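Residues in the sequence shown are numbered from 43 upward in steps of one, following this note's numbering. Built from N, CA and C at the ideal position, the CB exists for glycine as well. No experiment lies behind these values; they were computed from the predicted model shown.
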Amino acid sequence: LAGGGGGSDSEQNEVRGPARTTIPPTSSPVSVVAPTVSSGELLRWMDVITTASPNTSFDDPTTSSSLALEWMQSDPYSADLEDDPLLQRFALVTLWYSTDGPNWRMSPTWLDTGGSECDWEGVSSCSGDGVILDLSLVNPTPGSDRSFNLVGPIPIELGLLSSLESLDLSKNGLTGTVPTELAQLTSSHTLQLRRNSLDGTIPTEFGNLSLMKLLFLSYNQLEGTIPTELLQLADLEQMALDSNLLEGPILIGQWSKLIALGLSVNKLTGTIPSEIGTLTLLQNLFLGLNNYDVGVVRLPSELGHLTLLNYLSVNDAGLSFPIPMEIGALAALDIIDLAGNQLSGPIPAEFGNLTVISRLSLERNQLTGPIPSELGALTLLLQLLLSNNFLNGSMPQTICDTGMVRPEIDCREVECSCCKG
Numbered sequence: 043l044a045g046g047g048g049g050s051d052s053e054q055n056e057v058r059g060p061a062r063t064t065i066p067p068t069s070s071p072v073s074v075v076a077p078t079v080s081s082g083e084l085l086r087w088m089d090v091i092t093t094a095s096p097n098t099s100f101d102d103p104t105t106s107s108s109l110a111l112e113w114m115q116s117d118p119y120s121a122d123l124e125d126d127p128l129l130q131r132f133a134l135v136t137l138w139y140s141t142d143g144p145n146w147r148m149s150p151t152w153l154d155t156g157g158s159e160c161d162w163e164g165v166s167s168c169s170g171d172g173v174i175l176d177l178s179l180v181n182p183t184p185g186s187d188r189s190f191n192l193v194g195p196i197p198i199e200l201g202l203l204s205s206l207e208s209l210d211l212s213k214n215g216l217t218g219t220v221p222t223e224l225a226q227l228t229s230s231h232t233l234q235l236r237r238n239s240l241d242g243t244i245p246t247e248f249g250n251l252s253l254m255k256l257l258f259l260s261y262n263q264l265e266g267t268i269p270t271e272l273l274q275l276a277d278l279e280q281m282a283l284d285s286n287l288l289e290g291p292i293l294i295g296q297w298s299k300l301i302a303l304g305l306s307v308n309k310l311t312g313t314i315p316s317e318i319g320t321l322t323l324l325q326n327l328f329l330g331l332n333n334y335d336v337g338v339v340r341l342p343s344e345l346g347h348l349t350l351l352n353y354l355s356v357n358d359a360g361l362s363f364p365i366p367m368e369i370g371a372l373a374a375l376d377i378i379d380l381a382g383n384q385l386s387g388p389i390p391a392e393f394g395n396l397t398v399i400s401r402l403s404l405e406r407n408q409l410t411g412p413i414p415s416e417l418g419a420l421t422l423l424l425q426l427l428l429s430n431n432f433l434n435g436s437m438p439q440t441i442c443d444t445g446m447v448r449p450e451i452d453c454r455e456v457e458c459s460c461c462k463g
């Protein structure tokens, strides 16, 4: 969410992930050898696993959970594990089978029978006694050699990693729903599943993740409303739900620590609540490209309370009414994007106080009147987009004199020595 152009994720025009397909479980990656555990011990394992994960079943031998159990029977390292380490190893092996592990681009250390899963690629942090704290199987760059390419559903057994503090499975080909069992990761402060092909709804059980600081579910196909249970996540610092199919109203929770909120490119309705002004630590706010109530929705004047705001994007959102002059008091603003709305009235003269702003986009609105001379104080401006409005007068010469910006404006209506349009 930090920075980026035009939304809460900088890769706005990135091609979407692979089409959602069902990947059949693969066979074991190692040669079948004689089991290292007795049938009695195997039954104990199954009891331990199903007690901790009641929805796990071993009835079908081709499922990822059954294949994981089969592999562990032949894994010498698994033979002497106590219950908690057993569950941890089982969870990771199930993930490997569920997401087409043999075709991961970075998996040479996975299912290594010679040692702990703490040595497996992507296990970023373990405690001194071998408990996994951080699991990151993200694709940092499309096509990179250092990527994983997980394809398939997220297994419910990941909920067995009860001590996990951070989980990042971003930029893969994950399909299916977000398992409610992930709500069992009550030690987690970070959950990133962005840029996959996940569908279904956001689990209401995520309201139990009381330590959550960073929740990124953007760029999926999630539906339904924003669960009210998320409103109680008091430690939340960044939440990105943008580029999904979410409906219903914007809800503002008890997020006194929130610094970044991304809800753009959804199907949200209603208005922008004035309560957003209570998020006084907010630095990045992305609300554009939704289905708000046209003719009713406006920018709340309470935005003026967000004195740390750096990036404000509410483009193509059906906004009407004048721009609140209170936005001109947000001295930390670097980017404003209010393009493609029905904003009326003049450009606030108070915008001349935004002395660190580099991009001001007000194009494709219904703004009227002259361009305020106060905009001449914006000497750091790199982009000034004002075309397709009803403005008149002249462009402040000081903006042209900087040589840093060539404003886009309706030249037939506005006198300007450096403009294009």
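Under a three-way DSSP split, which group does residue i fall into?
{"i": "Pro71", "result": "Confidence in Pro71 is poor, its pLDDT being 47 and thus under 50, which makes the residue's placement too unreliable to answer from."}
{"i": "Cys460", "result": "coil"}
{"i": "Pro342", "result": "coil"}
{"i": "Ile378", "result": "strand"}
{"i": "Arg454", "result": "coil"}
{"i": "Thr270", "result": "helix"}
{"i": "Asn326", "result": "strand"}
{"i": "Gly445", "result": "coil"}
{"i": "Phe258", "result": "strand"}
{"i": "Gln263", "result": "coil"}
{"i": "Asp171", "result": "coil"}
Report yes if the CB atom of residue i is closer than 7 Å to the CB atom of residue j, and no otherwise.
{"i": "Asn395", "j": "Gly411", "result": "no"}
{"i": "Thr136", "j": "Val193", "result": "no"}
{"i": "Thr222", "j": "Glu199", "result": "no"}
{"i": "Asp284", "j": "Ser306", "result": "yes"}
{"i": "Thr217", "j": "Pro245", "result": "no"}
{"i": "Gly465", "j": "Ala359", "result": "A query on residue 465 cannot be resolved here, the shown segment of the chain reaching from 43 to 463 and no further."}
{"i": "Leu240", "j": "Asn262", "result": "yes"}
{"i": "Leu345", "j": "Leu380", "result": "no"}
{"i": "Asp154", "j": "Ser166", "result": "no"}
{"i": "Asn332", "j": "Asn308", "result": "yes"}
{"i": "Gly170", "j": "Cys160", "result": "no"}
{"i": "Leu233", "j": "Leu203", "result": "no"}
{"i": "Thr78", "j": "Ala121", "result": "yes"}
{"i": "Gly463", "j": "Glu450", "result": "yes"}
{"i": "Trp162", "j": "Thr151", "result": "yes"}
{"i": "Glu368", "j": "Ser343", "result": "yes"}
{"i": "His259", "j": "Leu235", "result": "Before going on, a small fix: residue 259 reads as Leu here, not His. Contact: yes."}
{"i": "Gly164", "j": "Leu179", "result": "yes"}
{"i": "Gly312", "j": "Pro291", "result": "yes"}
{"i": "Cys453", "j": "Cys461", "result": "yes"}
Relative to the C-alpha of residue i, which residue among the options is closest?
{"i": "Thr228", "options": "Leu300, Leu235, Lys255", "result": "Lys255"}
{"i": "Arg237", "options": "Asn181, Pro195, Leu253, Ile268", "result": "Asn181"}
{"i": "Ala225", "options": "Ser239, Leu209, Asn214", "result": "Leu209"}
{"i": "Met437", "options": "Arg454, Ile413, Met446", "result": "Ile413"}
{"i": "Val398", "options": "Gly382, Ser415, Leu375, Pro390", "result": "Leu375"}
{"i": "Pro269", "options": "Asn250, Gln280, Asp117", "result": "Asn250"}
{"i": "Asp89", "options": "Asn407, Thr78, Thr105, Phe132", "result": "Phe132"}
{"i": "Gly266", "options": "Glu207, Asn286, Cys460", "result": "Asn286"}
{"i": "Gly382", "options": "Glu368, Pro449, Ser429, Gln325", "result": "Ser429"}
{"i": "Leu549", "options": "Tyr353, Pro291, Glu455, Ser252", "result": "The first residue shown for the chain is 43 and the last is 463, placing residue 549 beyond what the model contains."}
{"i": "Val447", "options": "Leu423, Asp125, Leu385", "result": "Leu423"}
{"i": "Asp126", "options": "Asn191, Gly201, Trp113", "result": "Gly201"}
{"i": "Pro144", "options": "Asn191, Pro449, Asp122", "result": "Asn191"}
{"i": "Thr219", "options": "Glu207, Ser230, Gly242, Leu179", "result": "Gly242"}
{"i": "Asp443", "options": "Asn431, Glu457, Thr421, Asp452", "result": "Thr421"}
{"i": "Thr440", "options": "Cys453, Asn431, Cys458", "result": "Cys458"}
{"i": "Pro326", "options": "Glu289, Gly295, Glu279, Gly337", "result": "One point to set straight first is that residue 326 is Asn, not Pro, in the sequence displayed. When each option's Cα is compared against that of Asn326, the closest is Glu279."}
{"i": "Ala419", "options": "Cys168, Phe393, Arg147", "result": "Phe393"}
Under DSSP, the beta strand (DSSP E) around residue i begins and ends at which residues?
{"i": "Met281", "result": "280-282"}
{"i": "Ile174", "result": "174-178"}
{"i": "Cys168", "result": "165-168"}
{"i": "Leu209", "result": "208-210"}
{"i": "Gln226", "result": "Premise fails: Gln226 is in no beta strand (DSSP E) and is neither H nor E."}
{"i": "Ala121", "result": "Element bounds for Ala121: n/a, residue is neither H nor E."}
{"i": "Ser403", "result": "401-403"}
{"i": "Phe432", "result": "432-436"}
{"i": "Asp241", "result": "239-241"}
{"i": "Gly29", "result": "Not covered by the structure: residue 29. The range shown for the chain is 43 to 463."}
{"i": "Leu427", "result": "425-427"}
Assuming residue i is part of the alpha helix (DSSP H), what are its boundary residues?
{"i": "Leu474", "result": "Any answer about residue 474 is impossible in this case: the structure gives the chain only from 43 up to 463."}
{"i": "Arg86", "result": "81-94"}
{"i": "Tyr139", "result": "125-140"}
{"i": "Leu109", "result": "106-115"}
Assuming residue i contacts residue j under a Cβ cut-off of 8 Å, what Cβ separation, rounded to an integer in Å, is found between them?
{"i": "Tyr334", "j": "Leu351", "result": "Contact doesn't hold; Cβ gap of about 20 Å is too wide."}
{"i": "Leu409", "j": "Leu372", "result": "That belief does not hold up - the Cβ atoms of Leu409 and Leu372 are roughly 19 Å apart, past 8 Å."}
{"i": "Ser107", "j": "Ser116", "result": "Not really, about 16 Å apart at Cβ, beyond 8 Å."}
{"i": "Ile174", "j": "Leu129", "result": "Not a contact, Cβ separation roughly 11 Å."}
{"i": "Ile377", "j": "Ser400", "result": "7 Å"}
{"i": "Leu293", "j": "Leu323", "result": "Not really, about 18 Å apart at Cβ, beyond 8 Å."}
{"i": "Leu433", "j": "Glu455", "result": "6 Å"}
{"i": "Leu361", "j": "Val339", "result": "6 Å"}
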